[in-house]
Amino acid sequence: MDETTENLLVMWLLTGLSIVIMLLRLVLRWFRLGKFELGDYFTMAAVVALIIRSTSETVPIVWGTNQGVAKIYKTFTHEQIYQREIGSKLTIVNRIFYTVYVWLQKSVVMCVIQNLLKGLGRNIVIIVSWSILAATFVPAAITCLIECHPFVLYWQVVPPPGKCAAGALQLLVFSILEMVTDLMLIVLPVRHLLKLQLSWIARLRLIMLFSVGLSVIAVTLLRLLMNVLKLHRSGASHDIANVEILFAAVVANAPAIYGLIRTTIGSSARSGSKGSALQDLSGRSRELRTIGSGGSSKRRTGNMYMLDTLQHSDEECIIGVEQQSANYKSGSIASSATVQNTHP
């Protein structure tokens, strides 16, 4: 197998796995809830962005680009020059949609955090976090287009355009902003999860779930260091970028998939148990669990998570199922309030 075929195989394999993960989230959501939420629409957009990115990257892999041609450009035929020009133009498309894909996945994670923090008086934190995501996306995307002057150098093959087309500045800005925002998206939910009234095992499991984002930071840092040391984008860097795509899909969709699978399994296992909060849709009362009440009987509607998984987000289901699992194993389910719900 030659290098070109190997690179294409790796790229499309990791792209395919990423798409499967995102589609699994969407299928589970529809199966469990019969509707989509904001995070699901971001996921759909991420699927489209990823397909465009990988398709546009295929041509540069096969035809080549204007990078690293200083010693060989004099031997190019007119057809080879044309092919490398097209490959270089599509490299710009690749970088832009790669950035779009990554920030869409961050938006999916932000939707998870928003659902976890809603009703807790953290609206300002949520607004600031969304603003930071938007503010960091702009320079990450713009730097894809500002390094070469004149702009034609991005795809000029003969004479060689120099180092600007390699996108070293774009990679540096992208990597720094990505790591900063990833840290933000890890700290926000973990701080909240530490305060939940859960067993230490359940709490640790949830913290580990939301800390998977550290893997993306590690991959981004490795890719950045490789390019800083080599002073250009190497083939290995592109391989790492494909791994980063897969990790981003896992990080963004793991909480949703985990919550939806756990609620499906949990509701089946405990459907006939006395005191279960997952009751049929008959209009009977549903039990609630007050999070952060510390055992107090005082009702705090801002901190309540309803365990009716057919009505609430997967992020709430994650917390609810972990609480139910802990209480079910101990033989009791504590509830601090009961409300009446009527379904048509």
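With numbering that gives the first Met the number 0, the residue at position 248 of the sequence shown is 247, and numbering never jumps. From the three backbone atoms N, C-alpha and C, an ideal C-beta is built for every residue, glycine too. This structure is a prediction, so every number in the text was calculated from the model and none was measured.
Check                                                                                                                                                                 : Outcome
So residue 98 and residue 163 are supposed to be a Cβ contact under 8 Å. How far apart are they, rounded?                                                             : About 18 Å separates the two Cβ atoms, so there is no contact after all.
Taking one C-beta from the stretch 248-258 and one from the stretch 105-116 each time, how about it: are there three or more such pairs within less than 8 Å?         : yes
To which residues of the same chain is residue 22 closer than 8 Å at the C-beta, ignoring the five residues directly before and after it?                             : 46
Classify residue 18 as helix, strand or coil using the three-state DSSP reduction.                                                                                    : helix
Grouping DSSP H, G and I as helix and E and B as strand, with all else coil, what is residue 237?                                                                     : helix
Do residue 186 and the ligand HEM come close, with the Cβ less than 7 Å from some heavy atom?                                                                         : Among the ligands in the structure shown, none appear at all, so the ligand HEM cannot be discussed.
What residues in its chain sit with their C-beta under 6 Å from that of residue 55, if we drop five residues either side in the sequence?                             : 89, 92 and 93
Kindly give me the distance between the Cβ atoms of residue 49 and residue 18, rounded to whole angstroms, as I take these residues to be in contact under 8 Å.       : 7 Å
Is residue 86 closer than 8 Å to residue 62 when the C-beta atoms are compared?                                                                                       : yes
Quick test of your reading: residue 188 and residue 112, contact by CB under 8 Å. State the CB separation rounded to the nearest angstrom.                            : 5 Å
Quick one: using the 10 Å Cβ neighbour count with 16 as the cut-off for buried, is residue 39 buried or exposed?                                                      : buried
By DSSP, does residue 181 sit in helix, in strand, or in coil?                                                                                                        : helix
Around the Cβ of residue 185, are there at least 16 other Cβ atoms within 10 angstroms (buried) or fewer (exposed)?                                                   : buried
The alpha helix (DSSP H) that contains residue 134, what's its start and end?                                                                                         : 122-141
Does residue 154 come out as helix, strand or coil in the three-state DSSP assignment?                                                                                : coil
Tell me whether residue 277 is buried or exposed, calling it buried when 16 or more other Cβ atoms sit within 10 Å of its Cβ.                                         : Unreliable placement is indicated for residue 277, whose pLDDT of 35 sits below 50; no coordinate value is reported for it.
On the three-state DSSP scale, how would you describe residue 148?                                                                                                    : coil
Return the first residue and the last residue of the alpha helix (DSSP H) that residue 65 is part of.                                                                 : Note, residue 65: premise wrong, no alpha helix (DSSP H); not H, not E.
Determine the direct distance from the alpha carbon of residue 66 to that of residue 204, and round the result to whole angstroms.                                    : 45 Å
If residue 83 and residue 156 are in contact, beta carbons under 8 Å, what's the gap, nearest whole angstrom?                                                         : 5 Å
Return helix, strand or coil for residue 33, following the three-state DSSP convention.                                                                               : coil
Alpha carbon to alpha carbon, how far is residue 7 from residue 238?                                                                                                  : 10 Å
Looking only at its chain, what residues have a beta carbon closer than 6 Å to the beta carbon of residue 236, apart from the 5 residues adjacent to it on each side? : 222, 225 and 226
CA-CA distance, residue 25 and residue 193?                                                                                                                           : 29 Å
Is the CB-CB distance between residue 131 and residue 180 below 8 Å?                                                                                                  : yes
When you compare only the Cα positions, how much space is there between residue 2 and residue 128?                                                                    : 42 Å
Near residue 138, what residues of its chain come up, given a Cβ to Cβ distance below 8 Å and the 5 sequence neighbours on each side ignored?                         : 172 and 176
For residue 88, which three-state DSSP category applies?                                                                                                              : helix
Output the distance between the C-alpha atoms of residue 12 and residue 246, rounded to the nearest integer angstrom.                                                 : 13 Å
Between residue 210 and residue 259, what straight-line distance do the alpha-carbon atoms span, to the nearest angstrom?                                             : 19 Å
Between residue 293 and residue 202, what straight-line distance do the alpha-carbon atoms span, to the nearest angstrom?                                             : Unreliable positioning characterises residue 293 in this predicted model, as indicated by a pLDDT of 38, which lies under 50. A coordinate reading is not provided.
Over what stretch of residues does the alpha helix (DSSP H) that includes residue 207 continue unbroken?                                                              : 199-209
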